[in-house]
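First the structure, in the form of C-alpha coordinates, and then the observations on it.
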Amino acid sequence: MKNIFSIIALLAVGVITANAQITIVTDDDFVNRDTCDIIKYVVNYDMEFVENLNKVPYEYEKDRMVLQIGEKATLFYSYDKYLADSTNLEIIKRNGTEYVGSQGASWFLYKNYPKEKYYSYLDQIVRDRYVCHEMVEEPGWQLLSDSTTIIKEHPCVLAVADYRGRKWYAWYAEDIPLSEGPWKLCGLPGLILRAYDSENQYRFELSGIRNGRPEEVITYIGSEYETVDKKSLDKIYERYYNDPISFLTTSSNVKITIMDNNGNKMDKMPAIPRNPIER
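Heads up: the sequence shown is residues -20 to -1, 1 to 259, going by mature numbering (1 follows the signal peptide of the UniProt record, and there is no 0).
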(Lines of atoms letter the chains of each structure in order from A and count residues from 1; the text may use other names and numbers.)
(Lines give C-alpha, C1' and ligand atoms only; values in the text may rest on other atoms or scores of the structure.)
Protein backbone atom coordinates (compact mmCIF):
# COMPACT_ATOMS: atom_id res chain seq x y z
CA MET A 1 0.00 0.00 0.00
CA LYS A 2 1.37 3.42 -0.94
CA ASN A 3 0.48 6.57 0.97
CA ILE A 4 0.92 10.08 -0.37
CA PHE A 5 0.19 13.56 0.88
CA SER A 6 -2.38 15.20 -1.33
CA ILE A 7 -0.35 18.35 -1.01
CA ILE A 8 3.36 17.91 -1.80
CA ALA A 9 5.06 14.94 -0.17
CA LEU A 10 7.67 12.35 -1.03
CA LEU A 11 7.86 9.17 1.04
CA ALA A 12 8.29 10.32 4.67
CA VAL A 13 9.50 13.85 3.91
CA GLY A 14 6.85 16.50 3.24
CA VAL A 15 6.81 20.12 2.13
CA ILE A 16 3.74 22.05 3.28
CA THR A 17 2.31 25.38 2.26
CA ALA A 18 0.59 27.46 4.88
CA ASN A 19 -3.12 27.24 4.01
CA ALA A 20 -3.89 23.61 3.12
CA GLN A 21 -5.85 21.00 5.06
CA ILE A 22 -3.59 17.99 4.86
CA THR A 23 -4.96 14.65 3.71
CA ILE A 24 -3.22 11.44 2.75
CA VAL A 25 -4.68 9.73 -0.30
CA THR A 26 -4.45 5.97 -0.83
CA ASP A 27 -5.98 3.69 -3.41
CA ASP A 28 -8.36 2.51 -0.66
CA ASP A 29 -10.18 5.81 -1.15
CA PHE A 30 -11.28 4.59 -4.56
CA VAL A 31 -12.00 0.95 -3.68
CA ASN A 32 -14.02 0.97 -0.43
CA ARG A 33 -17.25 2.34 -1.85
CA ASP A 34 -20.86 1.26 -1.43
CA THR A 35 -23.51 2.00 -4.03
CA CYS A 36 -26.33 3.81 -2.26
CA ASP A 37 -28.56 5.23 -5.02
CA ILE A 38 -28.98 5.86 -8.73
CA ILE A 39 -28.25 9.43 -9.80
CA LYS A 40 -31.30 11.23 -11.19
CA TYR A 41 -29.83 14.72 -11.41
CA VAL A 42 -26.39 16.31 -11.19
CA VAL A 43 -26.30 19.96 -10.10
CA ASN A 44 -23.11 22.03 -10.23
CA TYR A 45 -22.45 25.06 -8.04
CA ASP A 46 -19.65 27.60 -7.86
CA MET A 47 -18.80 28.19 -4.22
CA GLU A 48 -16.99 31.27 -2.92
CA PHE A 49 -16.05 31.55 0.73
CA VAL A 50 -13.88 33.51 3.15
CA GLU A 51 -11.32 31.57 5.18
CA ASN A 52 -9.46 34.43 6.85
CA LEU A 53 -11.78 36.92 8.53
CA ASN A 54 -8.85 39.10 9.56
CA LYS A 55 -8.22 40.22 5.98
CA VAL A 56 -10.42 43.17 5.02
CA PRO A 57 -11.67 43.50 2.37
CA TYR A 58 -12.42 39.80 2.23
CA GLU A 59 -10.37 37.52 -0.01
CA TYR A 60 -12.54 34.77 -1.48
CA GLU A 61 -11.50 31.18 -2.05
CA LYS A 62 -13.27 29.34 -4.86
CA ASP A 63 -14.39 25.76 -5.30
CA ARG A 64 -16.52 23.85 -7.76
CA MET A 65 -19.13 21.78 -5.97
CA VAL A 66 -21.34 18.93 -7.14
CA LEU A 67 -24.76 17.91 -5.83
CA GLN A 68 -25.78 14.40 -6.86
CA ILE A 69 -29.50 13.80 -6.36
CA GLY A 70 -30.80 10.25 -6.24
CA GLU A 71 -34.20 8.69 -5.65
CA LYS A 72 -33.69 9.03 -1.88
CA ALA A 73 -30.08 9.96 -1.15
CA THR A 74 -28.00 13.01 -2.06
CA LEU A 75 -24.26 13.71 -2.04
CA PHE A 76 -22.57 17.14 -1.99
CA TYR A 77 -18.82 17.35 -2.55
CA SER A 78 -15.94 19.24 -4.17
CA TYR A 79 -15.31 18.51 -7.83
CA ASP A 80 -11.84 20.05 -7.52
CA LYS A 81 -10.91 17.57 -4.77
CA TYR A 82 -12.31 14.71 -6.85
CA LEU A 83 -10.10 15.70 -9.80
CA ALA A 84 -6.98 16.06 -7.62
CA ASP A 85 -7.54 12.71 -5.89
CA SER A 86 -8.24 10.93 -9.19
CA THR A 87 -5.05 12.35 -10.69
CA ASN A 88 -3.00 11.29 -7.67
CA LEU A 89 -4.43 7.77 -7.86
CA GLU A 90 -3.13 7.45 -11.42
CA ILE A 91 0.26 8.72 -10.24
CA ILE A 92 0.28 6.06 -7.49
CA LYS A 93 -0.45 3.36 -10.07
CA ARG A 94 2.47 4.58 -12.21
CA ASN A 95 4.84 4.66 -9.20
CA GLY A 96 5.19 8.39 -9.75
CA THR A 97 6.41 10.97 -7.24
CA GLU A 98 5.15 14.34 -8.50
CA TYR A 99 1.71 14.63 -6.96
CA VAL A 100 -1.03 17.17 -7.49
CA GLY A 101 -1.45 19.63 -4.63
CA SER A 102 -4.46 19.64 -2.31
CA GLN A 103 -7.47 21.30 -3.91
CA GLY A 104 -11.07 21.79 -2.88
CA ALA A 105 -13.09 21.09 0.23
CA SER A 106 -12.00 17.83 1.85
CA TRP A 107 -15.44 16.91 3.22
CA PHE A 108 -18.38 14.97 1.76
CA LEU A 109 -21.99 15.45 2.83
CA TYR A 110 -24.53 12.64 2.35
CA LYS A 111 -28.23 12.91 3.09
CA ASN A 112 -30.44 9.87 3.77
CA TYR A 113 -27.52 7.44 3.66
CA PRO A 114 -26.60 5.17 5.29
CA LYS A 115 -29.58 6.07 7.48
CA GLU A 116 -32.73 7.79 6.24
CA LYS A 117 -33.42 11.29 7.62
CA TYR A 118 -29.79 11.63 8.71
CA TYR A 119 -26.84 13.58 7.37
CA SER A 120 -23.50 11.80 7.15
CA TYR A 121 -20.66 14.31 7.16
CA LEU A 122 -17.29 12.79 6.19
CA ASP A 123 -13.89 14.42 6.44
CA GLN A 124 -10.25 13.43 6.56
CA ILE A 125 -7.42 15.14 8.44
CA VAL A 126 -4.00 13.74 7.57
CA ARG A 127 -4.67 9.98 7.54
CA ASP A 128 -7.55 10.04 10.06
CA ARG A 129 -11.01 9.64 8.53
CA TYR A 130 -14.14 10.62 10.45
CA VAL A 131 -17.88 10.43 9.89
CA CYS A 132 -20.45 12.38 11.88
CA HIS A 133 -24.14 11.39 11.66
CA GLU A 134 -26.78 14.00 12.48
CA MET A 135 -30.54 14.12 12.01
CA VAL A 136 -31.69 16.15 9.02
CA GLU A 137 -32.97 19.50 10.22
CA GLU A 138 -34.25 21.65 7.38
CA PRO A 139 -34.01 25.44 7.64
CA GLY A 140 -37.19 27.20 8.79
CA TRP A 141 -37.61 29.18 5.60
CA GLN A 142 -39.65 32.36 5.31
CA LEU A 143 -40.83 32.73 1.71
CA LEU A 144 -40.71 36.27 0.31
CA SER A 145 -43.02 35.83 -2.67
CA ASP A 146 -42.80 39.50 -3.65
CA SER A 147 -39.01 39.22 -4.13
CA THR A 148 -38.27 37.65 -7.51
CA THR A 149 -35.45 37.51 -10.03
CA ILE A 150 -34.23 35.50 -13.03
CA ILE A 151 -31.25 33.15 -12.66
CA LYS A 152 -30.04 31.09 -15.63
CA GLU A 153 -33.36 31.81 -17.38
CA HIS A 154 -35.32 30.43 -14.42
CA PRO A 155 -37.75 32.67 -12.50
CA CYS A 156 -36.76 32.52 -8.85
CA VAL A 157 -38.28 33.48 -5.50
CA LEU A 158 -36.36 34.56 -2.40
CA ALA A 159 -36.46 32.74 0.94
CA VAL A 160 -34.72 33.61 4.22
CA ALA A 161 -33.81 31.48 7.24
CA ASP A 162 -31.62 31.55 10.33
CA TYR A 163 -29.79 28.25 10.15
CA ARG A 164 -26.74 26.71 11.79
CA GLY A 165 -25.40 30.01 13.07
CA ARG A 166 -25.93 32.11 9.93
CA LYS A 167 -28.74 34.02 8.27
CA TRP A 168 -29.21 32.55 4.81
CA TYR A 169 -30.80 34.00 1.69
CA ALA A 170 -31.78 31.49 -0.99
CA TRP A 171 -33.24 31.97 -4.45
CA TYR A 172 -35.18 28.91 -5.59
CA ALA A 173 -36.71 28.00 -8.95
CA GLU A 174 -40.31 26.82 -8.74
CA ASP A 175 -40.06 25.45 -12.29
CA ILE A 176 -37.42 22.93 -11.09
CA PRO A 177 -39.43 20.92 -8.54
CA LEU A 178 -36.47 19.54 -6.58
CA SER A 179 -36.47 20.37 -2.88
CA GLU A 180 -32.67 20.41 -2.71
CA GLY A 181 -29.78 22.84 -2.75
CA PRO A 182 -26.12 23.33 -1.84
CA TRP A 183 -24.74 22.04 1.46
CA LYS A 184 -27.63 21.57 3.97
CA LEU A 185 -29.82 24.23 2.36
CA CYS A 186 -32.95 22.39 1.26
CA GLY A 187 -36.67 22.12 1.94
CA LEU A 188 -37.96 24.76 -0.49
CA PRO A 189 -40.59 24.20 -3.23
CA GLY A 190 -37.92 24.29 -5.91
CA LEU A 191 -34.20 23.83 -6.48
CA ILE A 192 -31.98 26.49 -4.88
CA LEU A 193 -30.00 28.23 -7.62
CA ARG A 194 -28.30 30.90 -5.52
CA ALA A 195 -27.60 31.16 -1.79
CA TYR A 196 -25.49 33.38 0.45
CA ASP A 197 -25.25 34.29 4.10
CA SER A 198 -25.96 37.76 5.49
CA GLU A 199 -22.25 38.47 6.08
CA ASN A 200 -21.40 37.47 2.51
CA GLN A 201 -18.82 34.95 3.71
CA TYR A 202 -20.32 31.99 1.83
CA ARG A 203 -21.88 32.14 -1.63
CA PHE A 204 -23.27 29.44 -3.91
CA GLU A 205 -24.29 29.98 -7.52
CA LEU A 206 -25.72 27.41 -9.95
CA SER A 207 -23.36 26.70 -12.84
CA GLY A 208 -25.16 23.78 -14.46
CA ILE A 209 -27.72 21.01 -14.14
CA ARG A 210 -28.28 17.79 -16.08
CA ASN A 211 -30.07 14.48 -15.89
CA GLY A 212 -28.18 11.51 -14.53
CA ARG A 213 -26.94 8.85 -16.93
CA PRO A 214 -28.14 5.22 -16.63
CA GLU A 215 -24.77 4.00 -15.34
CA GLU A 216 -24.25 6.78 -12.79
CA VAL A 217 -24.64 5.97 -9.10
CA ILE A 218 -24.05 7.71 -5.79
CA THR A 219 -21.32 5.88 -3.87
CA TYR A 220 -20.71 6.01 -0.13
CA ILE A 221 -17.08 6.05 1.03
CA GLY A 222 -17.56 6.16 4.80
CA SER A 223 -18.08 2.50 5.70
CA GLU A 224 -14.65 2.27 7.37
CA TYR A 225 -14.51 5.82 8.76
CA GLU A 226 -14.38 6.38 12.52
CA THR A 227 -17.74 7.56 13.86
CA VAL A 228 -17.60 10.67 16.06
CA ASP A 229 -20.17 13.17 17.28
CA LYS A 230 -20.06 16.81 16.18
CA LYS A 231 -18.60 18.07 19.45
CA SER A 232 -15.69 15.63 19.21
CA LEU A 233 -15.09 16.47 15.56
CA ASP A 234 -15.03 20.19 16.34
CA LYS A 235 -12.31 19.55 18.95
CA ILE A 236 -10.27 17.62 16.38
CA TYR A 237 -10.58 20.51 13.94
CA GLU A 238 -9.51 22.95 16.66
CA ARG A 239 -6.38 20.93 17.46
CA TYR A 240 -5.46 20.63 13.81
CA TYR A 241 -6.01 24.24 12.75
CA ASN A 242 -4.31 25.68 15.85
CA ASP A 243 -1.13 23.63 15.38
CA PRO A 244 -1.19 21.59 12.14
CA ILE A 245 2.43 20.45 12.34
CA SER A 246 2.05 19.07 15.85
CA PHE A 247 -1.13 17.31 14.74
CA LEU A 248 0.60 15.88 11.68
CA THR A 249 3.72 14.62 13.41
CA THR A 250 1.74 12.93 16.17
CA SER A 251 -0.63 11.34 13.64
CA SER A 252 2.04 10.13 11.19
CA ASN A 253 5.70 9.17 11.43
CA VAL A 254 6.96 11.90 9.13
CA LYS A 255 9.57 14.63 8.96
CA ILE A 256 8.19 17.97 7.82
CA THR A 257 9.81 20.91 6.06
CA ILE A 258 7.62 24.02 6.32
CA MET A 259 7.75 26.68 3.63
CA ASP A 260 5.84 29.92 3.12
CA ASN A 261 4.15 30.89 -0.14
CA ASN A 262 7.48 32.30 -1.40
CA GLY A 263 9.34 29.06 -0.83
CA ASN A 264 11.18 30.22 2.30
CA LYS A 265 11.67 27.79 5.17
CA MET A 266 9.70 28.49 8.34
CA ASP A 267 10.57 27.36 11.88
CA LYS A 268 6.92 26.94 12.77
CA MET A 269 3.72 26.81 10.81
CA PRO A 270 1.20 29.44 11.96
CA ALA A 271 -2.35 28.55 12.88
CA ILE A 272 -4.49 28.07 9.79
CA PRO A 273 -7.37 30.56 9.46
CA ARG A 274 -10.73 28.82 9.67
CA ASN A 275 -14.24 30.09 9.09
CA PRO A 276 -16.55 27.05 9.10
CA ILE A 277 -19.83 27.30 7.24
CA GLU A 278 -21.60 25.94 10.34
CA ARG A 279 -21.12 27.76 13.62
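Virtual Cβ for every residue (Gly too), placed ideally from N, Cα, C.
Residue i CB to nearest heavy atom of the ligand FAD below 7 Å
i	result
tyrosine 220	Absence of the ligand FAD is noted for the structure shown, with no ligands found whatsoever.
7 Å CB neighbourhood of residue i in its chain, flanking five on each side removed
i	result
proline 157	Gly170
lysine 132	Leu173 and Leu186
glutamine 122	Ala139, Val140 and Ala141
DSSP three-state assignment for residue i, whether helix, strand or coil
i	result
alanine 153	strand
asparagine 24	strand
valine -8	Low per-residue confidence applies at valine -8: pLDDT is 33, beneath 50, and the placement is therefore not dependable, though the value from the model is reported in the following sentence. Valine -8: strand per DSSP, three-state reduction.
isoleucine 225	helix
lysine 210	helix
lysine 245	strand
Burial state of residue i, where buried means 16 or more other Cβ atoms lie within 10 Å
i	result
isoleucine 49	buried
serine -15	Per-residue confidence for serine -15 stands at a pLDDT of 35, beneath the threshold of 50, marking its modelled position as unreliable; the derived number appears in the next sentence. Serine -15 comes out buried.
valine 137	buried
leucine 124	exposed
aspartate 240	exposed
lysine 245	exposed
isoleucine 130	exposed
aspartate 65	buried
lysine 164	buried
Neighbourhood of residue i by C-beta, 8 Å cutoff - its chain only, sequence neighbours within 5 removed
i	result
arginine 254	Glu31, Tyr217 and Tyr221
asparagine 242	none
Min CB distance residue i to chain D below 8 Å
i	result
serine 125	Absent here is chain D; the protein component of the structure consists of one chain.
Same chain, Cβ closer than 6 Å to residue i, neighbours up to 5 away in sequence not counted
i	result
tyrosine 176	Tyr149 and Arg183
leucine 55	Gln48, Tyr90 and Ile198
asparagine 92	Lys52 and Ala53
Option nearest residue i by Cα separation, candidates the options
i	options	result
aspartate 223	Pro119, Phe29, Tyr59 and Val106	Val106
tyrosine 143	Ile18, Arg259, Lys35 and Ile72	Arg259
leucine 33	Gly202, Pro250, Asn180 and Tyr200	Asn180
tyrosine 110	Thr207, Tyr90 and Arg146	Thr207
glutamate 195	Gly167, Arg13, Ile18 and Tyr98	Ile18
proline 94	Tyr200, Leu69 and Ala153	Tyr200
serine 127	Ala153, Leu63 and Glu41	Ala153
threonine 230	His134, Val116, Asp108 and Cys166	Asp108
Task: Any alpha helix (DSSP H) of 4 or more consecutive residues that is wholly inside the region 42 to 101 - done: Those alpha helix (DSSP H) runs which fall completely within the region 42 to 101 and span 4+ residues are 59 to 73.
Open item on the list: As an exercise, report each continuous beta strand (DSSP E) stretch of at least 3 residues that is fully enclosed by the region 101 to 154, in chain order.
Closed with: 108 to 115, 122 to 131, 134 to 143 and 146 to 153, all fully within the region 101 to 154.
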